[in-house]
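The sequence shown begins at 35 in our numbering and counts up by one.
Note that CB positions come from ideal geometry on N, CA and C, so glycine has one too.
Quick caveat, the model's predicted, so the values are computed rather than measured.
The structure under discussion appears below in the form of structure tokens.
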Amino acid sequence: MLTRRAFATSTLAGLIGAAGLRAQPDDANYDEAKVPAYTLPPLLHLADGRVVTDRAGWVARRAELLDLFARHMYGRTPAGLPDGAVVPVDTPVPVLGGRALRQQCRLDWQGRASMDVLVYRPAHGRPVPVFIGLNYFGNHAVDPDPAIRLSTRWMRTNDANGVVNHRATERARGTMARRWPVDLIIEQDCAVMTAYYGDLAPDDPSVVRQGMAPLADGLEGDIPTAERWGTIGMWAWGLSQMRRAVATMPGLDARRAIVIGHSRLGKAALWAGAQDEAFAMVVSNDSGCAGAALSRRAYGETIGRITRSFPHWFCPTLASWAGREAAMPIDQHQLLALVAPRVLHVGSAVEDRWADPKGEFLATLAADEAWRLLRQRGLGGTAMPAVEQSVGDRVRYHLRTGGHDITRDDWAQYLATAKAQLS
Ligand code: GCU
């Protein structure tokens with residue numbers, strides 16, 4: 035298992051080096067006693083002060099909150115983006131001893147952008163819940179099978195993962211397989227659909243236009259520059275495009291689409307799930323700052339640090355809140371609440387202090403109010419569960435031992451939630 039520091043030095047070396055910053059500065063606060071006293075912005079008060087007491091009120095509040103997160107954090111998703119066409123790349127191939135079928139297709143946007151999509155589903159063909167998630171190193175890194183298309187796109191150079199001069203090599207095959215336990219997913223009678231996040235937006239400001247960004251040209255005229263989206267918005271949009279593609283594929287249940295993401299892609303999964311109510315379940319794994327963790331705690335990564343290290347992820351306005359978390363009109367419990375009354379699962383890891391596991395739990399706990407309002411069984415109790423325990427029903431939280439990663443154990447948790455809540 036990679037520790038967060040090992041991950042930071044291997045995966046992020048290029049980016050951090052380029053920015054002249056380290057992902058985990060020594061001056062970050064890891065002392066609970068130094069967490070500032072704070073009051074969370076209200077979840078169930080409309081901007082005009084009225085208290086939300088019913089479903090209609092929640093619909094109005096939901097619209098306000100979506101607007102606030104677009105304005106202050108992720109930027110506005112341009113209206114009028116084209117929907118992708120699903121182009122099959124191969125015919126389904128039996129894998130895992132015939133228990134599963136693997137299929138590759140391409141999402142194509144008017145020949146102006148495209149994304150390679152990889153799907154594994156049970157061979158029996160009955161529609162099953164499908165986990166939809168982006169990956170960091172290309173579909174070929176998910177499974178060593180040489181029939182999987184090797185990505186030709188820009189990628190962060192990483193010799194250990196077979197990425198040389200920003201391109202994947204044959205050595206890259208299967209290098210991230212441990213993060214995609216396809217056998218377990220199939221065994222639990224679910225499917226998984228994944229694609230390389232760099233197909234949508236390369237994770238580097240200097241090459242970001244190699245993805246789908248040009249599709250938004252001419253569509254952002256009415257959006258103030260300070261509110262223009264960053265790559266998290268683009269990744270989230272791509273996740274919804276994948277969700278739309280599910281409807282065209284056999285053996286996948288479009289009503290049980292689950293958006294999942296780890297770390298920065300966990301932030302993207304939350305933003306996708308907040309905006310797109312057709313996702314029946316939303317999974318955040320170690321998403322941390324600007325993901326599931328409360329910004330006001332300023333524990334581990336802060337708004338100041340994240341906007342200096344990764345400005346291209348967000349709209350420019352977010353940087354103006356650096357060091358002023360207490361004054362922000364939003365906090366992350368409100369983002370989590372945008373999933374209500376659907377299913378939400380937040381997973382943290384004990385050693386992943388940079389992502390503030392306690393802040394992730396407290397955001398989940400505060401978000402639970404929305405499920406109560408909508409008369410759904412949410413998180414239930416109020417105590418942070420012990421390590422390796424999980425709590426809740428339609429709102430679920432678990433804390434794993436170890437560091438920053440998405441492991442087979444995390445997947446087992448998410449699969450159990452899907453089984454219990456989406457049948
Ligand atoms: C960095 C960053 C985090 C992010 C993480 C990741 O550590 O500071 O905000 O979640 O990278 O994506 O792994």
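- Item | For Phe469, three-class secondary structure by DSSP | Past the boundaries of the shown model lies residue 469; the chain is included only from 35 to 457, so the question cannot be answered.
- With Val293 and Gly307 assumed to form a contact (beta carbons below 8 Å), what rounded beta-carbon distance in angstroms separates them? By 1-based counting over the sequence shown, the position of residue 293 is 259. By 1-based counting over the sequence shown, the position of residue 307 is 273. A Cβ-Cβ separation of about 5 Å places Val293 in contact with Gly307 under the 8 Å criterion.
- Is the beta carbon of Ile182 within less than 7 Å of some heavy atom of the ligand GCU? Counting from 1 along the sequence shown, the entry for residue 182 is found at position 148. Relative to the ligand GCU, even the nearest heavy atom lies 7 Å or more away from the CB of Ile182.
- Message: Going by C-alpha to C-alpha distance, which of Asp193, Met210, Ala211 sits closest to Thr203?
- Response: Looking up residue 203 in the sequence shown gives position 169. Minimum Cα-Cα distance from Thr203 among the listed residues Asp193, Met210, Ala211 corresponds to Asp193.
- Message: Beta-carbon within less than 7 Å of Arg159's beta-carbon, same chain only, minus the 5 sequence neighbours each way: which residues are those?
- Response: Indexing the sequence shown from 1 puts residue 159 at position 125. It should be noted that the sequence gives Gly, not Arg, for residue 159. Closer than 7 Å at Cβ, skipping near neighbours: Pro284, Gly285.
- Mind checking whether the beta-carbon of Gly346 lies closer than 7 Å to any heavy atom of the ligand GCU? For the purposes of this step, residue 346 is taken as residue 312 along the sequence shown, with counting starting at 1. For clarity, residue 346 is His in the given sequence; the question names Gly instead. False, no ligand heavy atom lies under 7 Å from that Cβ.
- Message: Count Cβ pairs between the segment 329-346 and the segment 403-416 that sit closer than 8 Å; are there 3 or more?
- Response: As far as the Cβ criterion goes, the segment 329-346 does not touch the segment 403-416, which means the pair count is below three.
- Query: When the Cβ atoms of the segment 320-336 are set against those of the segment 392-401, are three or more pairs found closer than 8 Å?
  - Reply: The segment 320-336 vs the segment 392-401: in contact.
- Task: To the nearest angstrom, report how far apart Arg434 and Arg428 are at their CA atoms.
- Result: The residue given as residue 434 occupies position 400 in the sequence shown. The residue given as residue 428 occupies position 394 in the sequence shown. Note on geometry: alpha-carbon atoms of Arg434 and Arg428 lie some 19 Å from one another.
- Query: Do you know how far the Cα of Val85 is from the Cα of Ala400?
  - Reply: Position 366 of the sequence shown holds residue 400. Position 51 of the sequence shown holds residue 85. When the Cα atoms are used, Ala400 and Val85 turn out to be separated by approximately 16 Å.
- Message: the ligand GCU and Ile340: does the residue's C-beta get closer than 7 Å to at least one heavy atom of that ligand?
- Response: Taking the first residue of the sequence shown as position 1, residue 340 is located at position 306. Ile340 Cβ: within cutoff of the ligand GCU.
- What are the boundary residues of the alpha helix (DSSP H) that Leu102 is part of? Locating residue 102 in the sequence shown gives position 68, counting from the first residue. First-last of the alpha helix (DSSP H) with Leu102: 89-103.
- Reference Asp229; option with closest CA among Val197, Thr259, Ile266, Ser185: To locate residue 229, count along the sequence shown from 1; it is residue 195. Here the sequence assigns Ala to residue 229, which means Asp is not the residue at that position. Nearest C-alpha to Ala229: Ser185.
- Task: Tell me where the alpha helix (DSSP H) around Val216 begins and ends.
- Result: For the purposes of this step, residue 216 is taken as the residue at position 182 of the sequence shown. Taken as a continuous stretch (DSSP letters only), the alpha helix (DSSP H) holding Val216 covers 216-221.
- Query: Where DSSP assigns a beta bridge to Gly381, which residues make up the other side?
  - Reply: In the sequence shown, the residue the question calls residue 381 occupies position 347. Partner(s): Asn319, His432.
- Cβ of Ser329 within 7 Å of any heavy atom in the ligand GCU? To locate residue 329, count along the sequence shown from 1; it is residue 295. For the ligand GCU, not one heavy atom lies less than 7 Å from the Cβ of Ser329.
- Item | Collapsed DSSP secondary structure at Arg342 in the structure displayed | Taking the sequence shown and counting its residues from 1, one reaches residue 342 at position 308. Correct three-state label for Arg342: helix.
- Query: Is it right to say Asp402 is buried, meaning 16 or more other beta carbons lie within 10 angstroms of its own, or is it exposed?
  - Reply: Counted from its first residue, the sequence shown places residue 402 at position 368. With 16 or more other Cβ atoms within 10 Å, it is buried.
- Reference Asp233; option with closest CA among Asp124, Ala270, Phe165, Asp179: The count along the sequence shown starts at 1 and reaches residue 233 at position 199. Nearest to Asp233 by C-alpha distance, out of Asp124, Ala270, Phe165, Asp179, is Ala270.
- Task: Please list the segments of the alpha helix (DSSP H) lying wholly inside the segment 243-287, counting only runs of 4 or more residues, in order along the chain.
- Result: Runs of the alpha helix (DSSP H) inside the segment 243-287: 265-280.
- Opposing strand residues paired with Tyr154 [DSSP bridges]: Here residue 154 corresponds to residue number 120 of the sequence shown, with the count starting at 1. Answer is Arg136, Val226, bridged to Tyr154.
- Message: Going by DSSP in three states, Leu141 sits in which element: helix, strand or coil?
- Response: One-based indexing of the sequence shown puts residue 141 at position 107. Leu141 falls in the strand class under three-state DSSP.
- Report yes if the C-beta of Ser382 is less than 7 Å from at least one heavy atom of the ligand GCU; otherwise report no. Sequence index remark: in the sequence shown, residue 382 carries index 348 (1-based). Not a single heavy atom of the ligand GCU lies less than 7 Å from the C-beta of Ser382.
- Measuring from the CB of Cys323, is there a heavy atom of the ligand GCU at a distance below 7 Å? Position 289 of the sequence shown, counted from the first residue, corresponds to residue 323. Indeed, a heavy atom of the ligand GCU lies less than 7 Å from the Cβ.
- Message: Is Trp388 close to the ligand MG? I mean its beta-carbon at under 7 Å from any heavy atom of the ligand.
- Response: Annotation note on the ligand MG: not contained in the displayed structure, which lists the ligand GCU as its ligands.
- Task: Identify, in the order they occur along the chain, each residue of the same chain with its Cβ nearer than 6 Å to the Cβ of Ala119, setting aside the five sequence neighbours on each side.
- Result: For the purposes of this step, residue 119 is taken as residue 85 along the sequence shown, with counting starting at 1. Cβ within range, chain order: Asp142.
- When Ala260, Ala175, Glu311 are compared against Ser354, the one with the closest alpha-carbon: Within the sequence shown, the letter at position 320 stands for residue 354. Of the residues Ala260, Ala175, Glu311, the one whose Cα lies closest to the Cα of Ser354 is Ala260.
- Message: On the CB-based measure, 16 or more other CB atoms within 10 Å of its CB, does Leu99 come out buried or exposed?
- Response: Numbered from its first residue, the sequence shown carries residue 99 at position 65. Flag for Leu99 reads buried.
- Item | Whole-angstrom distance between Lys453 and Pro156, CA atom to CA atom | Along the sequence shown, read from residue 1 onward, the residue named residue 156 stands at position 122. Along the sequence shown, read from residue 1 onward, the residue named residue 453 stands at position 419. Straight across, the Cα-Cα distance linking Pro156 with Lys453 is about 15 Å.
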